[in-house]
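Chemist: In the numbering used here, the protein residues as written are 1 to 224.
Glycine included, C-beta positions come from ideal geometry on N, C-alpha and C.
What follows is a single structure, and I will ask about it in a moment.
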Ligand SMILES: NC(=O)c1ccc[n+]([C@@H]2O[C@H](COP(=O)([O-])OP(=O)(O)OC[C@H]3O[C@@H](n4cnc5c(N)ncnc54)[C@H](OP(=O)(O)O)[C@@H]3O)[C@@H](O)[C@H]2O)c1
């Protein structure tokens, strides 16, 4: 994740304060992503919208669909994983910037949606419980897709869900020299009314200068 000193989430709200473009900041972030060497990244539905071909535009596909798992590209070495419980995002491509797409859905999605994903060459995992079973989905990504290291890449609510579920083992954050300060906007972790303070203890791993005045912080996460 990347944030200004005040931890705000929405990059467009604070990038200007750095004197650099969003693209320049993202380039620093992407360089660190490469260095960490994850073979998968995961985002929530709202962040996924920024990459999707459409929202709430159903596929017209027919036929039955495999459940609970469909692996469209067994040779993929890098994965872009999107949590989309109700199947609201439409994908007409099978990758995001070269990373093979895997959609995590709830059990209620219809066969037309899954058949549409299959026609687009997208893989998916359908949860068997209510909502999206994050723990089981991570297990399946490891065992069936061969994912070894997954970077959780927001947004705030998805980060909160994973932290609450005890599924985050490290926080990696690039802090840029900026103050966003926009009232009533989310921080990089959001945990609703209950917050997240009870869910994790952080142990310092490292702090390194990362370019354009930023600092890359890493903390190990343990359950209290
Ligand atoms: N600063 C950064 O580094 C950074 C990184 C990434 C994203 N962002 C920004 O973050 C913003 C979006 O963040 P956000 O917090 O609003 O949304 P988000 O986390 O991207 O997506 C939230 C949605 O994901 C789905 N979801 C997540 N966890 C789930 C679970 N356990 N079970 C079922 N569904 C789950 C839900 O979709 P449904 O509502 O469909 O159920 C939920 O509403 C964007 O503006 C993006 O640009 C910033």
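Alpha helix (DSSP H) containing residue 165: first to last residue?
Modeler: Counting along the chain, residue 165 falls outside any alpha helix (DSSP H), and DSSP gives it neither H nor E.
Chemist: Quick one: grab the DSSP three-state call for residue 173.
Modeler: Here residue 173 sits in strand by DSSP.
Chemist: Any idea what DSSP makes of residue 59, helix, strand or coil?
Modeler: Coil, per DSSP.
Chemist: Excluding sequence positions up to five away, which residues of its chain have a Cβ less than 6 Å from the Cβ of residue 111?
Modeler: Contacts found: 64 and 65.
Chemist: Tell me the rounded alpha-carbon separation between residue 55 and residue 87.
Modeler: Using only the alpha carbons, I get a separation of about 9 Å.
Chemist: For residue 94, which of helix, strand or coil comes out of DSSP?
Modeler: Note: residue 94 maps to coil in three-state DSSP.
Chemist: Can you find the residues in the same chain that come closer than 7 Å, C-beta to C-beta, to residue 209, ignoring five residues on each side of it along the sequence?
Modeler: Cβ within range, chain order: 215.
Chemist: Within the continuous alpha helix (DSSP H) that includes residue 140, where are the two ends?
Modeler: From DSSP, the alpha helix (DSSP H) with residue 140 extends over 134-143.
Chemist: Express the C-alpha separation of residue 189 and residue 199 in angstroms, rounding to a whole number.
Modeler: Roughly 12 Å separates the two Cα atoms.
Chemist: Does the Cβ of residue 150 lie closer than 8 Å to at least one heavy atom of ligand 1?
Modeler: Because no heavy atom of ligand 1 lies under 8 Å away, the Cβ of residue 150 does not count as near it: no.
Chemist: Between the segment 43-53 and the segment 11-29, do at least 3 Cβ pairs fall closer than 8 Å?
Modeler: At 8 Å Cβ cutoff, the stretches do not touch.
Chemist: So which of 58, 126, 108 and 57 has the shortest CA-CA distance to residue 82?
Modeler: Of the listed residues, the one whose Cα sits closest to residue 82 is 126.
Chemist: Output the distance between the C-alpha atoms of residue 152 and residue 19, rounded to the nearest integer angstrom.
Modeler: Whole-angstrom Cα-Cα distance: 27 Å.
Chemist: For residue 128 and residue 68, which I take to be in contact (beta-carbon distance under 8 Å), what is that distance rounded to the nearest angstrom?
Modeler: Yes, residue 128 and residue 68 are in contact; Cβ-Cβ is about 6 Å, under 8 Å.
Chemist: I'd like to know whether the C-beta atoms of residue 132 and residue 104 end up nearer to each other than 9 Å.
Modeler: Against a cut-off of 9 Å, the Cβ pair of residue 104 and residue 132 comes out as a contact.
Chemist: Please classify residue 183 as buried or exposed, where buried requires at least 16 neighbouring CB atoms within 10 angstroms.
Modeler: Its Cβ having fewer than 16 others within 10 Å, residue 183 is exposed.
Chemist: Specify the secondary structure class of residue 117 as computed by DSSP and reduced to three states.
Modeler: In the structure shown, residue 117 sits in a helix (DSSP, three-state: H, G or I).
Chemist: Considering Cα atoms alone, identify which of 212, 220 and 98 is closest to residue 201.
Modeler: Nearest option by C-alpha distance: 220.
Chemist: Flag residue 196 as yes when its Cβ comes closer than 8 Å to any non-hydrogen atom of ligand 1, and as no otherwise.
Modeler: Incorrect: residue 196 has no Cβ contact closer than 8 Å to ligand 1.
Chemist: When the Cα of residue 58 is compared with those of 92, 28 and 40, which residue comes out closest?
Modeler: It is 92 whose Cα lies nearest to the Cα of residue 58.
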